[in-house]
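S.K.: Sharing a structure, written as structure tokens. Questions coming.
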Amino acid sequence: PEFTRWKERLQLKEELQFPGGAGSNVLCWNSELAVLGMVTGETSKHAAQSVTALGYDQRFDLRKSAWLLAGIAGVDPMVGTVGSITWGQRLVDGTAVKFIDPREMPKAWPSGWLPLHRNEPYGLPVPSPAEQSTMVVELNSRLVQWAYDLTQSMKLPDSEEFQNLRLRYNTSAARAPPKVMLGDTLSTDVFWTGSESAGWARNWTKYWVPAGSSRNEGRLSTSAMEDFAVAEALIGLQRTGRSFAGSNALLVLRSASNFIEPPPGQKPVAELAFGLDTACEAAYVVGEVVVKELIRRADQQVLYG
Numbered sequence: 009p010e011f012t013r014w015k016e017r018l019q020l021k022e023e024l025q026f027p028g029g030a031g032s033n034v035l036c037w038n039s040e041l042a043v044l045g046m047v048t049g050e051t052s053k054h055a056a057q058s059v060t061a062l063g064y065d066q067r068f069d070l071r072k073s074a075w076l077l078a079g080i081a082g083v084d085p086m087v088g089t090v091g092s093i094t095w096g097q098r099l100v101d102g103t104a105v106k107f108i109d110p111r112e113m114p115k116a117w118p119s120g121w122l123p124l125h126r127n128e129p130y131g132l133p134v135p136s137p138a139e140q141s142t143m144v145v146e147l148n149s150r151l152v153q154w155a156y157d158l159t160q161s162m163k164l165p166d167s168e169e170f171q172n173l174r175l176r177y178n179t180s181a182a183r184a185p186p187k188v189m190l191g192d193t194l195s196t197d198v199f200w201t202g203s204e205s206a207g208w209a210r211n212w213t214k215y216w217v218p219a220g221s222s223r224n225e226g227r228l229s230t231s232a233m234e235d236f237a238v239a240e241a242l243i244g245l246q247r248t249g250r251s252f253a254g255s256n257a258l259l260v261l262r263s264a265s266n267f268i269e270p271p272p273g274q275k276p277v278a279e280l281a282f283g284l285d286t287a288c289e290a291a292y293v294v295g296e297v298v299v300k301e302l303i304r305r306a307d308q309q310v311l312y313g
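Under my numbering, the first residue of the sequence shown carries the number 9, and numbering increases by one thereafter.
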């Protein structure tokens with residue numbers, strides 16, 4: 009469902025066989041627009057496999073291509089609300105971890121999730137620049153800011169379902185109308201929910217992206233699966249000459265279909281309330297604006313090179 013609107017409305021009518029794809033064995037192409045659509049598949053391994061396979065596909069020269077990853081995500085009610093759009097600035101890896109069951113961990117620990125080379129949660133010393141480089145991908149700030157400036161004033165689609173869900177939360181960010189935002193995203197193959205996990209996600213993001221010149225650096229906005237892996241795959245393609253700009257040519261657009269934790273006083277459940285249709289519509293209407301502008305500026309490599 010996340011790809012349907014892109015295929016139909018951008019008229020990606022030509023279907024090309026793609027045996028290396030993990031999400032779909034078909035690529036969707038519009039030769040007039042020079043736009044290629046792909047379903048990467050869920051989880052980091054499938055996303056990395058699909059992007060790498062496409063990068064080495066001899067039918068395409070993608071060295072100067074811009075990439076847009078668009079999909080749904082969970083949003084932190086401390087930062088935003090369902091139906092909102094986040095343009096990712098920094099992508100944090102939440103998959104490379106050590107884990108001790110909370111029932112067996114030391115009582116003083118806030119979480120059983122530990123950095124790989126530390127012996128306690130958020131342990132000292134603080135991550136070095138070399139360690140951060142393995143856990144955080146900072147996207148091209150010029151490109152991300154350009155996409156945000158282009159779309160920040162857009163009125164986003166909304167639904168009665170989302171409006172009713174917002175009223176169950178008590179933060180001003182969660183109860184506000186949807187909007188286009190900038191933020192940091194956490195990538196993990198664990199489909200988690202709940203206040204305890206949300207606390208870990210906030211602290212983990214802050215641990216790996218210490219506050220710097222911007223007060224929003226290291227502040228969790230959304231959580232999804234594939235973002236970090238896609239960026240890493242593009243970095244790999246850059247190293248082998250299959251992409252000139254690597255992750256500097258990547259935009260990550262996440263549309264909030266749900267909150268990362270239940271409303272106050274409610275226990276987490278395995279099946280979250282998703283507003284899939286509205287979130288997918290928001291992702292498309294915002295993403296389309298950027299895609300069409302990238303097409304118009306295709307010769308201006310300075311934008312994302």
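Built from N, CA and C at the ideal position, the CB exists for glycine as well.
Taking 8 Å as the limit between beta carbons, can you name the residues of its chain near L158, skipping five residues before and five after?
M.R.: Result list for L158: V297, V298 and E301, in chain order.
S.K.: Cα separation between G191 and Q97?
M.R.: Their Cα atoms are separated by approximately 6 Å.
S.K.: Assuming G79 is part of the beta strand (DSSP E), what are its boundary residues?
M.R.: G79 -> beta strand (DSSP E) spans W75 to V83.
S.K.: Can you give me the Cβ contacts of G254 inside the same chain, cut-off strictly under 7 Å, excluding the 5 residues immediately before and after it?
M.R.: Excluding positions up to five away in sequence, the list reads L242, I243, L245 and Q246.
S.K.: Use the C-beta contact count for R262: other C-beta atoms within 10 angstroms, 16 or more gives buried, fewer gives exposed.
M.R.: Result: buried.
S.K.: Using 8 Å as the threshold, is the region 59–71 in touch with the region 101–120, meaning 3 or more CB pairs across them?
M.R.: Touching, no.
S.K.: Relative to the C-alpha of P270, which residue among G82, A78, P165 and Q57 is closest?
M.R.: The option with the nearest alpha carbon to P270 is G82.
S.K.: Provide the residue span of the alpha helix (DSSP H) that contains V144, from first to last.
M.R.: From DSSP, V144 is part of no alpha helix (DSSP H) but of the beta strand (DSSP E) over V144 to E146.
S.K.: Taking C-alpha atoms, which residue in E50, S149, M143 and L284 lies nearest to V217?
M.R.: Ranking E50, S149, M143 and L284 by Cα distance to V217 puts M143 first.
S.K.: Let's test the definition: count the other Cβ atoms within 10 Å of the Cβ of V310 and tell me whether it reaches 16, buried, or not, exposed.
M.R.: Reliability fails at V310, whose pLDDT of 48 lies under 50, so the model's placement of it is uncertain and the value that follows must be treated cautiously. So V310 counts as exposed.
S.K.: Could you check how far apart the C-beta atoms of N266 and V90 are, in whole angstroms? I think they sit under 8 Å.
M.R.: That pair is a contact at about 6 Å.
S.K.: From this set, W121, V34 and L284, which residue's C-alpha is nearest P9's C-alpha?
M.R.: Nearest of W121, V34 and L284 to P9, Cα basis: L284.
S.K.: Since M189 sits in a beta bridge, which residues does DSSP pair it with?
M.R.: M189 pairs with T94.
S.K.: Kindly say whether L158, judged by its beta-carbon, lies nearer than 7 Å to any beta-carbon of chain B.
M.R.: Looking at the structure shown, chain B is missing, and only one protein chain is on hand.
S.K.: Buried or exposed: which applies to G131, given that a residue is buried once 16 or more other Cβ atoms fall within 10 Å of its Cβ?
M.R.: By the neighbour-count rule (16 or more Cβ atoms within 10 Å), G131 is not buried but exposed.
S.K.: Using a Cβ-Cβ cutoff of less than 6 Å, which residues in the same chain neighbour S149 once the five nearest sequence positions on both sides are dropped?
M.R.: No residues qualify anywhere along the chain.
S.K.: Give me the Cβ distance between E234 and S195, rounded to the nearest whole Å; I'm assuming they're in contact under 8 Å.
M.R.: Yes, E234 and S195 are in contact; Cβ-Cβ is about 7 Å, under 8 Å.
S.K.: Can you tell me whether P123 is buried or exposed? The criterion is at least 16 other CB atoms within 10 Å of its CB, across all chains shown.
M.R.: Buried.
S.K.: Considering only residues of the region 139–184, which uninterrupted beta strand (DSSP E) runs meet the minimum length of 3 residues and lie entirely inside it, listed in chain order?
M.R.: The qualifying runs are 144–146.
S.K.: On a Cα-Cα basis, can you pick out the residue from K21, M46 and G202 that is closest to E281?
M.R.: The displayed chain sequence assigns Ala, not Glu, to residue 281. The shortest Cα separation from A281 among K21, M46 and G202 belongs to G202.
S.K.: Return yes when the Cβ of D109 is within less than 7 Å of the Cβ of M236, no when it is not.
M.R.: Per the sequence presented here, residue 236 reads as Phe, with Met not at that position. No, the Cβ-Cβ distance between F236 and D109 is not below 7 Å.
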